[in-house]
Amino acid sequence: MSEKKYEKKITCIGAGYVGGPTMAMIAAKCPQYKVTVVDINKEKIKAWQTDQLPIFEPGLLEVVKSARDRNLFFSNEIDAAIDESEIIFVSVNTPTKMFGQGAGKTADLQYWEKTARDILRVAKSDKIIVEKSTLPVRTSVAMERILNANEKGIHFEVISNPEFLAEGTAVSDLESPDRVLVGSRETPPGLKARQEIVDIFANWVPAEKIITSDTWSSELSKLVANAFLAQRISSINSISALCERTEADISMVSKAIGSDRRIGAKFLNASVGFGGSCFKKDILNLVYICEYYGLPQVAEYWENVVKINQYQEERFVQNMINTMFNTIAGKRVALFGFAFKANTGDTRESPAIFITRKLVEEQADVVITDPQALSNAKEDLADIIQKVTLEPDPYKAALGAHAIAIITEWEEYKGLDYTKIFNVMEKPAFVFDGRNILQHKQIFDIGFNVYPIGKPGLSHL
Ligand code: NAD
Ligand code: UGA
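Each residue of the sequence shown is one higher than the one before, starting from 30 at the first, in the working numbering.
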């Protein structure tokens with residue numbers, strides 16, 4: 030298609046876990062639009078242009094390939110892409126700020142603000158700027174102030190369009206989202222810009238699933254959605270601790286309460302703790318906002334979701350140490366999984382990082398296996414990498430180990446030959462199932478001492 034024939038030109042700044050997949054889906058579903066994804070990271074852009082994408086996400090390569098070089102382009106030419114597009118999605122990272130005011134809680138908006146300044150410098154015509162990144166409520170006001178302070182007579186309309194995809198299921202989440210949320214100012218130019226964004230998603234998302242709102246509600250809804258999801262996990266994890274003391278079974282409790290349609294069955298899997306780049310960051314951001322607006326009780330309520338998660342991770346390691354006769358120094362411990370969840374190589378805020386560091390502190394000989402996350406593990410543990418072993422093969426990882434700890438719920442860990450594994454381990458052999466994915470009775474019958482989450486342990490000792 031020649032340049033002139035595209036109906037719209039869309040740029041996305043930030044080619045990460047969100048920018049790459051969301052833009053690939055828009056391009057795949059809307060061949061009439063030109064979609065350019067730009068990033069300051071040259072390696073990442075190069076990888077998006079090959080079949081070795083920079084992120085592991087099931088089904089993504091097919092979507093990318095269906096549109097790449099037709100109407101989907103990856104580039105480092107940020108200025109050129111800004112200049113030619115009337116719609117600019119911004120999907121840069123917004124990590125927790127680690128310095129100055131709000132350190133450890135609020136979002137670090139330096140990357141986001143830098144893109145606003147790039148847009149301001151380059152733009153020669155009116156543009157719609159779409160917040161795809163997760164941002165504190167009312168960020169769009171600040172952005173509009175920065176952008177509309179220009180002396181070129183250009184008008185910018187800032188729209189909030191938070192992303193709800195989960196890693197590992199990004200393709201189906203984008204293809205059939207529960208909802209798409211588009212927030213704008215409720216002024217004539219705001220509503221016009223909102224409609225432009227709605228029109229993009231209307232190419233494949235049913236109208237009743239596209240929710241529109243004011244900008245603030247949209248920004249806040251994203252933080253609150255993550256806070257509610259994480260709250261469910263902390264709630265069930267807190268009860269898992271009680272189950273372990275009372276011999277109740279957390280899976281039964283989850284099933285019993287989740288069958289109530291008002292509660293629902295999802296996000297009730299007790300685990301070693303939630304990870305991922307967003308839950309903790311977004312809740313702490315919510316906490317900061319509540320404190321800022323003088324609501325300490327509300328802030329404290331949400332902060333406890335993060336505290337329980339930390340408690341769950343600590344509990345898991347402590348249980349390992351206590352069970353293995355209060356010392357793990359010199360003992361080989363195999364971690365099955367390092368990614369923060371299955372079907373991704375992403376390790377940001379993975380409980381595996383905390384657990385590895387604790388085990389190493391106790392002088393255990395830690396060996397980590399994971400089908401996708403070992404290169405990220407190497408970076409996360411750079412300062413202690415000489416004290417851990419990275420081993421792609423779980424059978425080799427278990428060789429001579431005293432214990433296996435399941436950290437990530439990879440499907441393949443369910444189907445391993447645990448008799449073969451038991452035979453090459455030191456005895457007594459322990460399994461700590463941080464995801465409750467194994468058949469505990471069967472594993473116990475092989476000879477393992479088995480310690481699930483929120484269920485009575487099965488011990489031969
Ligand atoms: P990411 O780190 O994977 O990607 C961000 C990209 O932005 C990086 O490639 C970085 O190089 C690039 N970047 C930073 N500053 C830039 C600049 N000035 N110009 C051009 N590129 C720049 O992050 P992510 O996981 O994609 O998250 C992005 C945002 O989306 C965050 O706000 C996050 O909270 C939100 N979010 C993430 C997920 C998820 O599953 N990861 C889901 C929903 C929302
Ligand atoms: C989460 C949300 O689900 C997305 O809607 C949101 O867009 C995204 O955060 C974001 O803003 O970044 P994600 O972190 O990719 O997505 O993955 P989840 O499936 O939510 O899992 C998060 C963590 O919770 C993982 O460590 C997972 O193992 C854990 N988890 C999940 C449990 O421990 N128990 C459960 O029942 C569910």
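C-beta atoms are modelled at their ideal positions from N, C-alpha and C, and glycine is treated no differently.
No experiment lies behind these values; they were computed from the predicted model shown.
{"Check": "Cys41: first and last residue of the uninterrupted beta strand (DSSP E) it sits in", "Outcome": "Lys37 to Ile42"}
{"Check": "Contact test: Ser247 Cβ vs the ligand UGA heavy atom, cutoff 6 Å", "Outcome": "no"}
{"Check": "Counted within 10 angstroms of its Cβ, other Cβ atoms place Ser154 as buried (16 or more) or exposed", "Outcome": "exposed"}
{"Check": "Helix, strand or coil at Val234 according to DSSP, with G and I counted as helix", "Outcome": "coil"}
{"Check": "Assigned exposure category for Pro400 - 16 Cβ within 10 Å defines buried", "Outcome": "buried"}
{"Check": "Sub-7 Å separation of Tyr480 and Phe461 beta-carbons", "Outcome": "yes"}
{"Check": "Spatially closest choice to Arg274 from Pro206, Gly483, Pro50 and Cys41, by CA coordinates", "Outcome": "Gly483"}
{"Check": "Whole-angstrom distance between Thr356 and Ile350, CA atom to CA atom", "Outcome": "6 Å"}
{"Check": "Exposed unless 16 or more other CB atoms sit within 10 angstroms - verdict on Ile414", "Outcome": "exposed"}
{"Check": "Pair within 7 Å by beta-carbon distance, Lys309 and Glu378", "Outcome": "yes"}
{"Check": "Sub-7 Å separation of Asn122 and Lys71 beta-carbons", "Outcome": "no"}
{"Check": "Selection from Thr418, Ile312 and Thr79 that minimises the alpha carbon distance to Val430", "Outcome": "Note on residue identity: the sequence assigns Ala, not Val, to residue 430. Nearest option by C-alpha distance: Thr418."}
{"Check": "Range of the contiguous alpha helix (DSSP H) that encloses Glu142", "Outcome": "Gln139 to Val151"}
{"Check": "Terminal residues of the beta strand (DSSP E) in which Ala363 lies", "Outcome": "Arg361 to Phe365"}
{"Check": "Cβ pair count under 8 Å reaching 3, the segment 55-68 against the segment 124-136", "Outcome": "no"}
{"Check": "Beta-carbon contacts of Val346 that lie in its chain and below 6 Å, excluding the five residues immediately before and after", "Outcome": "Ile384 and Lys387"}
{"Check": "Glu160 - partner residues in DSSP beta bridges", "Outcome": "Val119 and Ser189"}
{"Check": "Distance cut-off 6 Å: Ala195 Cβ against heavy atoms of the ligand FMN", "Outcome": "The ligand FMN is absent from the structure shown, which contains only the ligand NAD and the ligand UGA."}
{"Check": "Own chain residues within Cβ distance below 7 Å of Ala126, not counting five before or after", "Outcome": "At residue 126 the sequence reads Lys, which differs from the Ala that was named. Same-chain partners within the cutoff: Ala132, Thr135, Ala136 and Asp137."}
{"Check": "Check: Ser404 C-beta below 6 Å from any heavy atom of the ligand NAD", "Outcome": "no"}
{"Check": "Closer than 6 Å: Glu192 CB and nearest the ligand NAD heavy atom", "Outcome": "yes"}
{"Check": "Local conformation of Phe383 per DSSP, three classes", "Outcome": "helix"}
{"Check": "Limits of the alpha helix (DSSP H) - the one that Gln424 falls within", "Outcome": "It is Tyr, not Gln, that sits at residue 424 in the sequence shown. Note, Tyr424: alpha helix (DSSP H), Pro423 to Ala427."}
{"Check": "Inter-residue spacing [alpha-carbon to alpha-carbon] between Thr79 and Lys34", "Outcome": "26 Å"}
{"Check": "Ala365, buried or exposed, once every other Cβ within 10 Å from all chains shown has been counted against 16", "Outcome": "The amino acid at residue 365 is misidentified as Ala; the sequence shows Phe. It counts as buried."}
{"Check": "Inter-residue spacing [alpha-carbon to alpha-carbon] between Ala109 and Ala44", "Outcome": "16 Å"}
{"Check": "Asn105 (DSSP reduced to helix, strand or coil)", "Outcome": "coil"}
{"Check": "Any non-hydrogen atom of the ligand UGA closer than 6 Å to Phe303 Cβ", "Outcome": "yes"}
{"Check": "Three-pair Cβ contact test at 8 Å for the segment 470-477 versus the segment 264-279", "Outcome": "no"}
{"Check": "Assigned secondary structure, Gly212 (DSSP; H/G/I helix, E/B strand, else coil)", "Outcome": "strand"}
{"Check": "Outcome for Gly293 when other beta-carbon atoms lying within 10 angstroms are tallied against a minimum of 16", "Outcome": "exposed"}
{"Check": "Closer than 6 Å: Ile39 CB and nearest the ligand NAD heavy atom", "Outcome": "no"}
{"Check": "Closer than 6 Å: Leu419 CB and nearest the ligand UGA heavy atom", "Outcome": "no"}
{"Check": "Any non-hydrogen atom of the ligand NAD closer than 6 Å to Ile382 Cβ", "Outcome": "no"}
{"Check": "C-beta atoms of Glu86 and Ala222 nearer than 7 Å", "Outcome": "no"}
{"Check": "4 or more residues per run - each alpha helix (DSSP H) lying fully within the segment 281-364", "Outcome": "308-321 and 325-352"}
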